[in-house]
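Peer 1: Letter by letter, the sequence shown follows residues 0 to 242 of numbering that gives the first Met the number 0.
Ideal Cβ placement from N, Cα and C applies to all residues, glycine included.
Predicted model, so just to flag it, every value in this text is computed and none were measured.
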Amino acid sequence: MFSKKLSLPLAAVAASIFAASAAQASFTATITSSAGGGSLVLTGSSAAPALPGTLQIGPINETMNSFGISNFTATSNSPSSTSEAVEVGSSILITNTTSSAETLTIQLADDGFTAPTGSNLQVTAHGTITWTQTDTQNSTDVVTAESVVQGNPVTGTLTSNTLNSGTSLVDLSTYLPTASSALGTLGSPYSLGSDLTVHLNGGDAVTVVWYSSVGAVPEPTALTLLGMGGLGALLLVGRRRKA
0 MFSKKLSLPL AAVAASIFAA SAAQASFTAT ITSSAGGGSL VLTGSSAAPA LPGTLQIGPI
60 NETMNSFGIS NFTATSNSPS STSEAVEVGS SILITNTTSS AETLTIQLAD DGFTAPTGSN
120 LQVTAHGTIT WTQTDTQNST DVVTAESVVQ GNPVTGTLTS NTLNSGTSLV DLSTYLPTAS
180 SALGTLGSPY SLGSDLTVHL NGGDAVTVVW YSSVGAVPEP TALTLLGMGG LGALLLVGRR
240 RKA
């Protein structure tokens, strides 16, 4: 069963995420652990010939402050002056390597997008989570994915939809619930952010794929990249429930 509620506008969140200078477009991933030790900042480079016309971070395997990170790859099609802007974080396995609960955040941000053509623009997020079954996996394990758009100036009125879902130990894989938010007139350049927050008990693990996109409905590019459907959401939450 899914529940849905409307939360507050994300202007303050957007302002804190996108501090990069508009004069120097960049695609970055900032990884931070609640265990401390500072942040790891990764910068994207050309992904050609694997994904022509995109910027790519990874693939990366990293051990960072209580977490093991495996097979992390992120891509962005900035400046994307065509029909759709897309950021994707693909098939990352995150494991809490300690005995205590900790939180890992990954913030993808690209500040060099050109506004898509067309009308009826919306920002979209979607993803899948696959829980790794352990003796301790329980309802306090939470995965949250969030998409934020900041124009120059901010021209979209942003709200977020929070949707909650649960899976049992038998049903280990699930699509994150989805929603979307309409945008007003969007100027160029603008920033698109894709934030992932993973809270895990000690020894627990989860594999996540998530994406953010901006474009007119429908959104064929993102769905082709991920091989899955859905309308998307600004804020998505997946929770583990014990059977």
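Where does Asn70 fall in DSSP's three states?
Peer 2: Position 71 of the sequence shown, counting from 1, holds the residue named residue 70. Of the three classes helix, strand and coil, the one that applies to Asn70 here is strand, per DSSP.
Peer 1: How is Thr116 classed by DSSP in three states: helix, strand or coil?
Peer 2: For this step, residue 116 is matched to residue 117 along the sequence shown. Looking at Thr116 - three-state DSSP - the assignment turns out to be coil, as it is neither helix nor strand.
Peer 1: In chain order, what residues of the same chain have a beta carbon less than 6 Å from the beta carbon of Thr220, not counting five sequence neighbours either side?
Peer 2: Stepping through the sequence shown from its first residue, residue 220 is reached at position 221. A caution first: Thr220 carries a pLDDT of 49, below 50, which makes its placement in the model too unreliable to give a value.
Peer 1: Are there 16 or more other CB atoms within 10 angstroms of the CB of Asn200, so buried, or fewer, so exposed?
Peer 2: Residue 200 sits at position 201 when you count from the first residue of the sequence shown. Buried.
Peer 1: Going by the beta-carbon positions, is the gap between Leu103 and Gly214 smaller than 9 Å?
Peer 2: Residue numbering aside, residue 103 sits at position 104 when the sequence shown is read from its first letter. Residue numbering aside, residue 214 sits at position 215 when the sequence shown is read from its first letter. For Leu103 and Gly214, no; Cβs fall outside 9 Å.
Peer 1: Less than 9 Å separating the beta-carbons of Ser212 and Ala114?
Peer 2: The sequence position of residue 212 within the sequence shown is 213, counting from 1. The sequence position of residue 114 within the sequence shown is 115, counting from 1. Not in contact: Ser212 and Ala114 (Cβ atoms no closer than 9 Å).
Peer 1: Please check the pair Gly57 and Thr72, which I expect to be a contact at CB under 8 Å, by giving their CB distance rounded to whole angstroms.
Peer 2: Numbered from its first residue, the sequence shown carries residue 57 at position 58. Numbered from its first residue, the sequence shown carries residue 72 at position 73. About 4 Å separates the CB atoms of Gly57 and Thr72; that is less than 8 Å, so the two are in contact.
Peer 1: Assuming Thr129 and Val205 form a contact by the criterion Cβ under 8 Å, report the distance between their Cβ atoms to the nearest whole angstrom.
Peer 2: Locating residue 129 in the sequence shown gives position 130, counting from the first residue. Locating residue 205 in the sequence shown gives position 206, counting from the first residue. So it is a contact: roughly 7 Å between Cβ atoms.
Peer 1: Whole angstroms are fine: how far does the CA of Thr74 sit from the CA of Trp209?
Peer 2: The count along the sequence shown starts at 1 and reaches residue 209 at position 210. The count along the sequence shown starts at 1 and reaches residue 74 at position 75. If you take the alpha carbons of Trp209 and Thr74, they lie about 11 Å apart.
Peer 1: Can you check whether the CB of Thr53 is closer than 9 Å to the CB of Val40?
Peer 2: Within the sequence shown, residue 40 is the residue found at index 41, counting from 1. Within the sequence shown, residue 53 is the residue found at index 54, counting from 1. For Val40 and Thr53, no; Cβs fall outside 9 Å.
Peer 1: Out of Gly126, Phe112, Thr123, Ser65, which has the shortest C-alpha to C-alpha gap to Ser255?
Peer 2: An answer regarding residue 255 cannot be provided, because it is not within the stretch 0 to 242 covered by the chain.
Peer 1: So what does DSSP say about Leu109, is it helix, strand or coil?
Peer 2: If you number the sequence shown from 1, residue 109 lands on position 110. The sequence shown places Asp at residue 109, not Leu. Asp109: strand per DSSP, three-state reduction.
Peer 1: Restricting to Cα atoms, I'd like to know which of Ser38, Phe112, Ser180 is closest to Glu61.
Peer 2: On the sequence shown, position 62 is the one that residue 61 refers to. The shortest Cα separation from Glu61 among Ser38, Phe112, Ser180 belongs to Ser38.
Peer 1: Are Thr110 and Tyr189 touching if we call contact CB-CB under 9 Å?
Peer 2: Along the sequence shown, one-based indexing puts residue 110 at 111. Along the sequence shown, one-based indexing puts residue 189 at 190. In the sequence as presented, Thr is not what sits at residue 110; that position holds Asp. Yes.
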